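Quick note: the numbering used here has the sequence shown finishing at residue 781, numbered continuously throughout.
Here a beta-carbon is modelled for each residue, glycine too, at the ideal position from N, C-alpha and C.
Predicted model, so just to flag it, every value in this text is computed and none were measured.
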Amino acid sequence: MLRADLTAVSTTATAAVRPNPLWSLGLLRSELVTTFRRWRTLALLGVLAAVPILVGIAVRIETRGDGQVGRGGGDGPAFIAQVTNNGLFLVFTALAATLPFFLPMAVGVVAGDAVAGEADAGTLRYLLVAPAGRTRLLLAKYATTMAFCLVATLVVAASALAVGALLFPLGDLTTISGTRISFADGLGRALLIALVVAASLAGLAALGLFVSTLTNSGIAAMATTVGLLITVQILDQIPQLHALQPYFFSHYWLSFADLMRDPVYWDDLVRNLELQALYTAVFGSAAWARFTTRDITA
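Okay, structure coming up:
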């Protein structure tokens with residue numbers, strides 16, 4: 484009888500400690516709402532939305548009467564020469580212009596602040612009091628950061644599409660390979676490119692999350708993540724480091740241009756996604772190891 488009572492108590496205690504799966508969804512929802520309601524997040528998205536507008540206006544101003552980009556128009560991101568012929572190319576141009584710095588900088592800010600910002604504000608300890616567990620909290624933080632990657636990329640693409648439709652003609656477009664595809668096909672490829680760009684930021688998001696677990700200062704974590712981003716970008720341009728460059732998380736970022744070929748070149752695209760998966764696994768594991776063994780005092 485006593486053993487049965489003890490078993491019942493043990494079962495009840497275990498059930499009380501074990502987090503409800505619905506709680507994990509609630510935690511994720513709470514993280515998403517908190518992140519996207521912050522003025523900093525809205526400001527970052529606003530800056531990202533403004534970049535295609537500035538690019539579109541600049542191209543429109545520099546466009547000569549024959550529909551070609553004026554002096555200096557040959558330089559700049561890929562696809563920029565085709566923007567005047569089809570506004571859909573502004574989507575590809577805007578993503579190529581924001582991917583090297585603006586998009587990853589915004590992701591670095593959000594990822595770096597994910598854990599360190601909570602510790603800096605003194606709310607991390609209270610989050611861990613809830614029956615979510617450190618692993619679930621870390622997964623919710625990473626999922627929120629990846630959601631920001633997707634939203635930020637779609638904001639750039641949507642802004643570019645709207646500006647391109649207002650300033651330039653739309654219609655069938657010519658791929659990099661010289662073949663013609665329909666506007667609907669081009670729109671589908673634009674959406675696929677946006678998804679690939681968002682996935683390309685997965686490695687940086689994991690790196691930023693790991694940095695965020697190392698400090699209690701949100702500003703320090705954000706600055707370190709953005710600093711690492713700039714450092715890697717510089718190293719990726721040094722010819723003497725060509726043997727190491729294929730392992731930098733940013734090396735294949737612009738491979739999304741291969742989606743505008745007919746047929747599509749998949750080699751660099753697959754390498755990019757594999758590299759992002761590797762960085763996610765390595766730095767995600769490092770973040771988990773650090774966070775689950777860390778003494779939380781704030």
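From residue i to residue j, what does the alpha carbon distance come to, in whole angstroms?
i: residue 762; j: residue 732; result: 7 Å
i: residue 701; j: residue 726; result: 34 Å
i: residue 706; j: residue 600; result: 12 Å
i: residue 588; j: residue 639; result: 14 Å
i: residue 729; j: residue 604; result: 38 Å
i: residue 532; j: residue 518; result: 18 Å
i: residue 510; j: residue 764; result: 22 Å
i: residue 688; j: residue 564; result: 32 Å
i: residue 660; j: residue 742; result: 11 Å
i: residue 608; j: residue 738; result: 42 Å
i: residue 624; j: residue 734; result: 25 Å
i: residue 693; j: residue 576; result: 31 Å
i: residue 766; j: residue 628; result: 14 Å
i: residue 798; j: residue 597; result: Any question about residue 798 goes unanswered here, given that the chain covers just 484 to 781.
i: residue 606; j: residue 750; result: 45 Å
i: residue 752; j: residue 512; result: 31 Å
i: residue 525; j: residue 681; result: 18 Å
i: residue 516; j: residue 508; result: 12 Å
i: residue 711; j: residue 704; result: 11 Å
i: residue 722; j: residue 760; result: 26 Å
i: residue 670; j: residue 679; result: 14 Å
i: residue 541; j: residue 520; result: 31 Å
i: residue 713; j: residue 586; result: 12 Å
i: residue 665; j: residue 602; result: 51 Å
i: residue 663; j: residue 771; result: 48 Å
Thinking C-alpha only, which one of the options is nearest residue i?
i: residue 654; options: 530, 662, 623, 667; result: 667
i: residue 543; options: 567, 721, 697; result: 567
i: residue 773; options: 714, 679, 650, 696; result: 696
i: residue 635; options: 685, 664, 540, 650; result: 685
i: residue 777; options: 663, 665, 698, 527; result: 698
i: residue 529; options: 508, 579, 576, 637; result: 637
i: residue 657; options: 755, 520, 744, 515; result: 744
i: residue 626; options: 514, 680, 586, 671; result: 514
i: residue 481; options: 631, 670, 642; result: For the chain, the structure presents residues 484 to 781; residue 481 sits outside this window and is missing.
i: residue 672; options: 578, 756, 713, 586; result: 578
i: residue 755; options: 580, 710, 521, 683; result: 683
i: residue 758; options: 736, 581, 771; result: 736
For residue i, which residues from the same chain have a beta carbon less than 6 Å from its beta carbon, with the 5 sequence-adjacent residues on both sides left out?
i: residue 691; result: 591, 594, 595, 708
i: residue 558; result: Residue placement at residue 558 is poorly supported in this model, since its pLDDT is 43, which falls under 50; the coordinates are not used for a value here.
i: residue 676; result: 739, 742
i: residue 556; result: Any reading at residue 556 needs caution, since the residue's pLDDT is 41, under 50, leaving its predicted position unreliable; the model's value is listed next. Excluding residues within five positions, the ones whose Cβ falls inside 6 Å are 545.
i: residue 527; result: 589
Once you ignore the five residues that flank residue i on each side, which residues in its own chain have a CB closer than 7 Å to its CB?
i: residue 648; result: 570
i: residue 775; result: 617, 618
i: residue 747; result: 741
i: residue 716; result: 583, 733
i: residue 719; result: 728, 731, 733, 734
i: residue 724; result: 718
i: residue 574; result: 640, 643, 644, 647, 673
i: residue 769; result: 693
Just to check my reading of the structure: residue i and residue j have Cβ atoms closer than 8 Å, yes? What is that Cβ distance to the nearest angstrom?
i: residue 610; j: residue 621; result: About 11 Å; that fails the 8 Å criterion.
i: residue 633; j: residue 539; result: Their Cβ separation, rounded to whole angstroms, is 23 Å, which puts residue 633 and residue 539 out of contact at 8 Å.
How about residue i: is its C-beta nearer than 7 Å to some C-beta of chain D?
i: residue 671; result: Structure shown: chain D not included; a single protein chain is present.
Within a Cβ cutoff of 8 Å, which residues of the same chain sit near residue i, ignoring the five residues on either side of it in sequence?
i: residue 652; result: 568, 569, 570
Just to confirm the assignment: which complete alpha helix (DSSP H) runs, minimum length 4, are found wholly within the stretch 585-670? 585-604, 607-612, 616-650
Ordered list of alpha helix (DSSP H) runs contained in the stretch 712-759, each at least 4 residues: none
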